[in-house]
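Notes follow the structure.
Numbering (our numbering), first residue to last: 281 to 543.
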């Protein structure tokens, strides 16, 4: 998700978090300015490529878990550039009737996602901003796919660290949470500097379209207020219910992740 970026303009002159992330995942939807920033990020935080892949793997495991628990609707806010396997592909492997609303405030992301997904009844791609959660919830293309009378899995994966404290991320989550019925889930991951000094990594984003706002474990855990964290709680993403041998340097990976249920 992008911070301080107008949805009416496409800025290819500055690095963009979604395109940096895409490049680090081995994608091709990025520009030279993004690749330069990503390479600088890898120098500042050598584990970053392992980290973004571990974060993506956490997302897939979490999606399989919530769908396996019976949820058939997913609201993915700050979706970023489509990376296969996508959320809908992962979810529909478990249950083909899952419906997904993808939300991002970047027109480039929106265009790529629309080209990939088309306009099927089971998915929607919405141009909206997390910082205005009411507009996300009320968007007709969200409402077309998501029935807020039934449980929803809300995905906020690698997005909240692009909101500053002044943008009140806890209030944003509370607004989204209060729209969800019992039995819904929150899947959240967030960058941290708990395991190393990452001020140089933060500096890479100072010239990007969004700043990087690292938070401690305690600060990230507060985002789950009102939800009940499922085992193993809030942990570094490789340690959330791993299904394969842990990647190298897992203990250095600066992403926390967790899944929580709304009672």
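Here a beta-carbon is modelled for each residue, glycine too, at the ideal position from N, C-alpha and C.
Since I believe residue 413 is in contact with residue 363 (beta carbons under 8 Å), could you give me their beta-carbon distance rounded to a whole number of angstroms?
-> In the chain shown, counting from the first residue as 1, residue 363 sits at position 83. In the chain shown, counting from the first residue as 1, residue 413 sits at position 133. Under the criterion of beta carbons closer than 8 Å, residue 363 and residue 413 do not qualify as touching, at roughly 24 Å.
Can the beta-carbon of residue 503 be found closer than 8 Å to that of residue 449?
-> In the chain shown, counting from the first residue as 1, residue 503 sits at position 223. In the chain shown, counting from the first residue as 1, residue 449 sits at position 169. Using a Cβ distance threshold of 8 Å, residue 503 and residue 449 count as a contacting pair.
Would you report the Cα separation of residue 495 and residue 421, rounded to the nearest angstrom?
-> What you label residue 495 is simply residue 215 of the chain shown in a count that begins at 1. What you label residue 421 is simply residue 141 of the chain shown in a count that begins at 1. Whole-angstrom Cα-Cα distance: 32 Å.
Check whether the Cβ atoms of residue 441 and residue 493 lie closer than 8 Å to each other.
-> Position 161 of the chain shown, counted from the first residue, corresponds to residue 441. Position 213 of the chain shown, counted from the first residue, corresponds to residue 493. Cβ distance < 8 Å, so residue 441 and residue 493 count as in contact.
Supposed contact pair residue 469 and residue 385 - C-beta distance, whole angstroms, cut 8 Å | In the chain shown, the residue the question calls residue 385 occupies position 105. In the chain shown, the residue the question calls residue 469 occupies position 189. No, residue 385 and residue 469 are not in contact; Cβ-Cβ is about 19 Å, not under 8 Å.
Mark residue 295 as exposed unless 16 or more other C-beta atoms lie within 10 angstroms of its C-beta, in which case mark it buried.
-> On the chain shown, position 15 is the one that residue 295 refers to. Answer is buried; the Cβ neighbour count reaches 16.
Go through its chain and collect everything with a Cβ distance to residue 318's Cβ below 7 Å, but skip five positions before and after it.
-> As a first step, residue 318 must be located in the chain shown, where it is residue number 38. Cβ neighbours of residue 318 beyond the five flanking positions: 300, 303 and 304.
Residue 379 lies in the beta strand (DSSP E); which residues open and close that run?
-> As a first step, residue 379 is located in the chain shown; it is residue number 99 there, counting from the start. Per DSSP, the continuous beta strand (DSSP E) segment holding residue 379 begins and ends at 379-384.
Could you tell me whether the Cβ atoms of residue 464 and residue 542 are closer together than 8 Å?
-> Translated into the one-based positions of the chain shown, residue 464 becomes position 184. Translated into the one-based positions of the chain shown, residue 542 becomes position 262. Closer than 8 Å, so yes.
Residue 300 (DSSP reduced to helix, strand or coil) | Here residue 300 is taken as the residue at index 20 of the chain shown, counted from 1. Helix, per DSSP.
By DSSP, does residue 539 sit in helix, in strand, or in coil?
-> On the chain shown, position 259 is the one that residue 539 refers to. Strand.
CB of residue 370 within 8 Å of CB of residue 333, strictly = Taking the chain shown and counting its residues from 1, one reaches residue 370 at position 90. Taking the chain shown and counting its residues from 1, one reaches residue 333 at position 53. Here residue 370 is not near residue 333, since their CB atoms are 8 Å or more apart.
Does the distance from the C-beta atom of residue 361 to that of residue 298 stay below 8 Å?
-> The residue labelled residue 361 in the question sits at position 81 within the chain shown. The residue labelled residue 298 in the question sits at position 18 within the chain shown. Taking C-beta atoms as the reference points, residue 361 and residue 298 count as a pair closer than 8 Å.
Would residue 284 be called buried (16 or more neighbouring beta carbons within 10 Å of its own) or exposed?
-> Within the chain shown, the letter at position 4 stands for residue 284. With a pLDDT of 37 at residue 284, under the threshold of 50, the modelled position of this residue cannot be trusted, and the question is left open.
Is it right to say residue 511 is buried, meaning 16 or more other beta carbons lie within 10 angstroms of its own, or is it exposed?
-> Here residue 511 refers to the residue found at position 231 when the chain shown is read from its first residue. Answer is exposed; the Cβ neighbour count stays below 16.
Taking Cβ positions, are residue 466 and residue 434 nearer each other than 8 Å?
-> Residue mapping note: residue 466 aligns to position 186 of the chain shown, counting from 1. Residue mapping note: residue 434 aligns to position 154 of the chain shown, counting from 1. Their beta carbons are under 8 Å apart, which means residue 466 touches residue 434 by this criterion.
May I ask you to report which of helix, strand or coil DSSP gives residue 311?
-> Translated into positions along the chain shown, residue 311 becomes position 31. Of the three classes helix, strand and coil, the one that applies to residue 311 here is coil, per DSSP.
Nearest to residue 313 (by Cα), restricted to the options 380, 394 and 489 = Here residue 313 refers to the residue found at position 33 when the chain shown is read from its first residue. Closest by alpha carbon: 489.
Proximity of residue 378 and residue 539 at Cβ, strictly below 8 Å = In the chain shown, the residue the question calls residue 378 occupies position 98. In the chain shown, the residue the question calls residue 539 occupies position 259. The Cβ-Cβ distance between residue 378 and residue 539 does not fall below 8 Å.
Applying the criterion that 16 or more other CB atoms from any shown protein chain within 10 Å of the CB defines a buried residue, is residue 282 buried or exposed?
-> Within the chain shown, the letter at position 2 stands for residue 282. Reliability of the predicted coordinates at residue 282 is poor, the pLDDT of 37 falling under 50, and the value obtained from them is presented with this limitation in mind. Counting the other CB atoms within 10 Å of its CB gives residue 282 a total of 16 or more, which places it among the buried residues.
Nearest-angstrom Cα distance between residue 532 and residue 473?
-> In the chain shown, the residue the question calls residue 532 occupies position 252. In the chain shown, the residue the question calls residue 473 occupies position 193. In a straight line, the C-alpha of residue 532 is about 10 Å away from that of residue 473.
Within this structure, are the beta carbons of residue 374 and residue 348 separated by less than 8 Å?
-> Along the chain shown, read from residue 1 onward, the residue named residue 374 stands at position 94. Along the chain shown, read from residue 1 onward, the residue named residue 348 stands at position 68. When the beta-carbon positions are compared, residue 374 and residue 348 come within less than 8 Å of each other.
Taking all protein chains shown into account, decide if residue 376 is buried (16 or more other Cβ within 10 angstroms of its Cβ) or exposed.
-> Numbered from its first residue, the chain shown carries residue 376 at position 96. Exposed, since its Cβ has fewer than 16 Cβ neighbours within 10 Å.
Is residue 526 near the ligand SAM, going by C-beta to nearest heavy atom under 7 Å?
-> No copy of the ligand SAM occurs in the structure displayed, which carries no ligand at all.
State buried or exposed for residue 537, treating a residue as buried only when at least 16 other CB atoms are found within 10 Å of its CB.
-> What you label residue 537 is simply residue 257 of the chain shown in a count that begins at 1. Buried is the call here.
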